[in-house]
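J.: Numbering (my numbering), first residue to last: 46 to 222. Glycine residues also receive a C-beta, built at the ideal position from the N, C-alpha and C atoms. In this text the structure is predicted, and so the values were computed from the model without any measurement.
(1) Roughly how many angstroms separate the alpha carbons of residue 148 and residue 166, rounded to a whole number?
(2) Mind checking which residues open and close the beta strand (DSSP E) that includes residue 206?
(3) Determine the burial state of residue 109: buried for a count of at least 16 other Cβ atoms within 10 Å of its Cβ, exposed for fewer.
(4) For a quick check, are the C-beta atoms of residue 185 and residue 153 less than 7 Å apart?
(5) Going along the chain, which residues of its own chain have a beta-carbon closer than 6 Å to the beta-carbon of residue 182, five neighbours each way excluded?
(6) Take residue 157 as the anchor and find which of 215, 84, 59 has the nearest alpha-carbon.
(7) Quick check on the burial criterion: 16 or more other C-beta atoms within 10 angstroms. Buried or exposed for residue 204?
(8) Could you give the distance in angstroms between the alpha-carbon of residue 80 and the alpha-carbon of residue 71?
(9) Quick check: the Cα distance between residue 208 and residue 188, rounded to an integer number of angstroms?
(10) If you pair each beta-carbon of the segment 52-60 with each one of the segment 85-104, do three or more pairs fall below 8 Å?
(11) If contacts are defined as beta-carbon pairs under 8 Å, then residue 52 and residue 141 qualify, I think. What distance do you get, rounded to the angstrom?
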């Protein structure tokens with residue numbers, strides 16, 4: 046399995062595989078901002094919209110490939126304000142249903158954390174559906190639970206669910222961003 050950081054052009058070249066991953070993730074019940082069933086054309090459009098942010102340096106995207114099939118992805122969203130350049134948000138950690146249970150989620154999380162350190166980031170934050178399997182991943186990887194917000198977002202079935210906020214302090218290396 047190969048994990049690579051995508052630039053904007055690479056993201057556009059691989060948008061079909063990434064869209065298939067997004068559809069599988071949402072249709073599999075993950076609460077990542079979309080309702081099921083996930084429309085493939087909407088998934089393609091969503092990924093295409095990310096390319097500009099990647100090119101501009103406001104979003105870093107890593108994708109895991111098993112051959113030519115995208116089986117996982119994770120992203121870091123970097124703020125554009127001067128007072129928040131020390132932090133980033135971990136977003137859209139996805140693992141294909143057929144690739145779960147083999148440590149890929151933890152591997153992607155570690156790659157994103159190392160990418161953040163390299164970029165000079167000292168604080169990461171995220172939100173995830175309360176009581177989801179993702180909570181075990183983040184807690185086991187040393188993230189600190191900050192609190193719960195009730196009725197934060199609809200799950201793929203449209204039911205309002207709480208979200209749990211997490212953060213992790215990092216030791217930064219030499220900034221590259």
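T.: Walking through what the data contain:
(1) 24 Å
(2) 205-214
(3) buried
(4) no
(5) 150
(6) 215
(7) exposed
(8) Looking at the two C-alpha atoms, the distance is approximately 7 Å.
(9) 15 Å
(10) yes
(11) Going by Cβ atoms, the distance from residue 52 to residue 141 rounds to 22 Å, so no, they are not a contact pair.
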